[in-house]
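Taking the working numbering, I'd label the letters of the sequence shown as residues 360 to 678. Structure first, commentary second.
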Amino acid sequence: MTYMTIAIVAGFVLDLIFGDPRWLYHPVRLIGHLISGTERIIRNCLPANKTGERIGGGILVLVVVTVSTGVPTVILSVAYKYFWQLGLALESFWCYQILATKSLKVESDRVYIALKDKGLEAGRKAVSMIVGRDTQNLTEEGVTKAAVETVAENTSDGVIAPLFYMLIGGAVLGFTYKAINTMDSMVGYKNDKYQWFGTAAAKLDDVVNFIPARVSAVLMILAAYLTGMDGKNAARIFRRDRFNHKSPNSAQTEAVMAGALDVQLAGDAWYFGKLHKKPTIGDPVREMKLLDIRRSHKLLYGTAMLGLILGIILRILVL
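What follows is the structure, given as structure tokens:
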């Protein structure tokens, strides 16, 4: 077993134990500062038209990916060369920070606790911290659905996708993925400001998530069977509804989640005061219940564990 494999397993376990404590500075924040700072410089240097913004967005991607990949590559190379124990410890710590299994569970569980103990307004406030849609008029079912959708989508974006890339290239490639994903979350919007500037980041994010999203969906179907949920319906809804989203990737795990829970997800939503028409995912076999947030956590953890176990086995066999 290589140092990289040990670091991935150690990082995965550390994430399950400690999650993402708010007092611990996260390297993704540095990537965020790099993105916003580079964007300001580019916008000051290039014309604010379609061509200029497309070029600027491409430059942003090139700079952020290069720095986010190059810096950890140099640091880890030096650490492993002169003191392998330090290299292993550092890569393990970075793998831990790149993964988000427990933090996704904790943040979505805040919504469950808020709704259960403090009521609808508290639930709306809690879910507003983890979703981009307007939450002030959501019903209890709407708040619950938003939390479950977040768990479904981020099981891929926050767990399986970074794990997929770390299994290929360790913490370095994990940071490359996080840089691309963070760029998409910051500039990949189809609004007046980012319609052209964010095109390169959004397209690249679609590309790097294409395989992981589908791997995540298959793993989640297996997890549905293993956790006693409706695995058969999860597979059926996945085949039928996995493209019911503008993004080629977002509905993959949402479809599985909807089928496994026997509920309907997605549909119309308000963003920045505007109603966005969206297709639904899944069938309304039953109403969404508050406990479905906790049930989604079983699929999250089951998918994550399957991803690690099968990924490590494949990595050992290939190497």
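Where is the CB? At the ideal position from N, CA and C, for every residue including glycine.
query: Thinking just about the alpha-carbon of each residue, which of Ala407, Leu393 and Val622 is nearest to the one in Pro643?
result: In the sequence shown, the residue the question calls residue 643 occupies position 284. For the residues Ala407, Leu393 and Val622, the minimum Cα distance to Pro643 belongs to Val622.
message: I'd like to check one pair, Ala582 with Thr662: are the Cβ atoms closer than 8 Å?
response: Residue 662 sits at position 303 when you count from the first residue of the sequence shown. Residue 582 sits at position 223 when you count from the first residue of the sequence shown. Annotated as proximal: Thr662 and Ala582, with beta-carbon spacing under 8 Å.
Local conformation of Lys633 per DSSP, three classes: Position 274 of the sequence shown, counting from 1, holds the residue named residue 633. The answer is strand: DSSP assigns Lys633 an E or B state.
field: Secondary structure of Ile640, DSSP reduced to three states
entry: Indexing the sequence shown from 1 puts residue 640 at position 281. It is a strand residue.
message: Relative to the C-alpha of Thr498, which candidate in Val566, Glu480 and Ala511 has its C-alpha closest?
response: Indexing the sequence shown from 1 puts residue 498 at position 139. For Thr498, the closest of Val566, Glu480 and Ala511 by C-alpha to C-alpha distance is Glu480.
task: Pick helix, strand or coil for Leu458, following the three-state DSSP scheme.
output: By 1-based counting over the sequence shown, the position of residue 458 is 99. In the three-state reduction of the DSSP assignment, Leu458 falls in the coil class.
task: Provide the residue span of the alpha helix (DSSP H) that contains Leu678, from first to last.
output: The residue you call residue 678 lines up with position 319 of the sequence shown. From DSSP, Leu678 is part of no alpha helix (DSSP H); its letter is neither H nor E.
task: Inspect the CB distances between the region 570-590 and the region 648-660 and report whether three or more fall short of 8 Å.
output: With a cut-off of 8 Å, the region 648-660 and the region 570-590 count as touching, because enough Cβ pairs lie within range.
- prompt: Skipping 5 residues on each side, what residues in its chain have a beta carbon closer than 6 Å to that of Ala506?
  reply: For the purposes of this step, residue 506 is identified with residue 147 of the sequence shown, where counting begins at 1. Cβ contact annotation for Ala506 (same chain, cutoff 6 Å, sequence separation greater than five): Ser467, Val470, Val486 and Ile652, in chain order.
- prompt: CB-CB under 7 Å to Val574, same chain, minus the five flanking residues each way: which ones, in chain order?
  reply: Counted from its first residue, the sequence shown places residue 574 at position 215. So the list reads Ile519 and Phe523, once near-sequence residues are dropped.
task: Confirm, please, whether the CB-CB distance from Ala366 to Ser436 is below 8 Å.
output: Here residue 436 corresponds to residue number 77 of the sequence shown, with the count starting at 1. Here residue 366 corresponds to residue number 7 of the sequence shown, with the count starting at 1. Contact flag unset, no.
- request: Count the other CB atoms, across all protein chains shown, that sit within 10 Å of the CB of Gln611; report buried if there are 16 or more and exposed otherwise.
  value: For this step, residue 611 is matched to residue 252 along the sequence shown. By the 10 Å Cβ count, Gln611 comes out buried.
field: Sequence ranges, alpha helix (DSSP H) only - wholly within the region 497-575, length at least 4
entry: Within the region 497-575, the complete alpha helix (DSSP H) runs of at least 4 residues fall at 499-513 and 520-546.
message: Quick check: what's the CA-CA separation for Ile640 versus Cys404?
response: The sequence position of residue 640 within the sequence shown is 281, counting from 1. The sequence position of residue 404 within the sequence shown is 45, counting from 1. Approximately 43 Å, taken between the alpha carbons.
- prompt: In the DSSP assignment, what are the bridge partners of Ala593?
  reply: Mapped onto the sequence shown, residue 593 falls at position 234. Answer by DSSP bridge pairing: none, since Ala593 is not bridged.
- request: Indicate whether Leu649 and Lys504 have their beta-carbon atoms separated by less than 8 Å.
  value: The residue given as residue 649 occupies position 290 in the sequence shown. The residue given as residue 504 occupies position 145 in the sequence shown. With respect to Lys504, Leu649 sits apart: the two C-beta atoms are not nearer than 8 Å.
field: Extent of the continuous alpha helix (DSSP H) run through Ala610
entry: Position 251 of the sequence shown, counting from 1, holds the residue named residue 610. Per DSSP, the continuous alpha helix (DSSP H) segment holding Ala610 begins and ends at Ser609 to Leu620.
task: State yes or no: is the C-beta of Ile539 within less than 8 Å of the C-beta of Val424?
output: Working through the sequence shown from its first residue, we reach residue 539 at position 180. Working through the sequence shown from its first residue, we reach residue 424 at position 65. In contact: Ile539 and Val424 (Cβ atoms closer than 8 Å).
query: Going by beta carbon distance, what residues of the same chain come within less than 8 Å of Val531, once the five residues before and after it are set aside?
result: By one-based count along the sequence shown, residue 531 stands at place 172. Around Val531: Thr428, Pro431, Thr432 and Leu435.
task: Pick helix, strand or coil for Ala407, following the three-state DSSP scheme.
output: Locating residue 407 in the sequence shown gives position 48, where the first residue counts as 1. Three-state result, Ala407: coil.
query: So who's on the other strand from Lys624, going by DSSP bridges?
result: Your numbering for residue 624 matches position 265 in the sequence shown. For the sequence presented, residue 624 should be read as Leu rather than Lys. Listed as beta-bridge partners of Leu624 by DSSP are Ile640.
query: Under the rule that 16 or more other beta-carbon atoms within 10 Å means buried, what is Ser462, buried or exposed?
result: Taking the first residue of the sequence shown as 1, we reach residue 462 at position 103. It is buried - the Cβ of Ser462 has at least 16 other Cβ atoms within 10 Å.
- prompt: Quick check: the region 622-634 against the region 488-497, are there 3 or more CB pairs under 8 Å?
  reply: The region 622-634 vs the region 488-497: in contact.
Same chain, Cβ closer than 6 Å to Leu445, five either side skipped, listed in chain order: Taking the first residue of the sequence shown as 1, we reach residue 445 at position 86. Only Ala438 meet the Cβ criterion.
task: Quick one: give me the first and last residue of the alpha helix (DSSP H) that Glu341 is part of.
output: Look at the range of the chain in this structure, 360 to 678, and you will see that residue 341 is not part of it.
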